[in-house]
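Peer 1: Structure in structure tokens, see below.
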């Protein structure tokens, strides 16, 4: 996957779209340009990466993560991050 970021800032472009597209084609990569500012192609990029992961796991089940024990999340239990330990106090 090759993603060009900040496509809304065309005046700051360092790599021409055609050059990036050609590289992606040569390397057999999905290519898109995104902008977090105006959400251009952000959803599409996430969908593409999730589909690639799904295909990888379906085609190679041994690559799927194996649960190692009960992994439960209880939203009713507040999270209390560990307090930072300070040196020399």
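Numbering (UniProt numbering), first residue to last: 1 to 89.
We treat Cβ as the ideally placed atom computed from N, Cα and C, and that holds for glycine.
Note that the structure is predicted; figures quoted are calculated from it, not measured.
(1) Can you look up residue 23 in the DSSP assignment and give me helix, strand or coil?
(2) Just checking residue 5 against the ligand FAD - is the residue's beta carbon closer than 7 Å to any of the ligand's heavy atoms?
(3) Over the uninterrupted alpha helix (DSSP H) stretch that includes residue 33, give me the two end residues.
(4) Suppose you measure from the CA of residue 94 to the CA of residue 52; what does that come to, to the nearest Å?
(5) Taking residue 37 as part of the alpha helix (DSSP H), name the residues at either end of that continuous run.
(6) When we look at the beta-carbon of residue 33 and count the other beta-carbons within 10 Å, is it buried (16 or more) or exposed?
(7) For residue 37 and residue 23, I'd like the C-alpha separation in whole angstroms.
Peer 2: Judging by the given coordinates:
(1) helix
(2) Here there are no bound small molecules, and the ligand FAD is not part of this structure.
(3) No alpha helix (DSSP H) holds residue 33; the beta strand (DSSP E) holding it covers 31-33.
(4) Because the chain is modelled from 1 through 89, residue 94 falls outside the range shown and cannot be assessed.
(5) Residue 37 -> no alpha helix (DSSP H), and no H or E assigned at all.
(6) buried
(7) 25 Å
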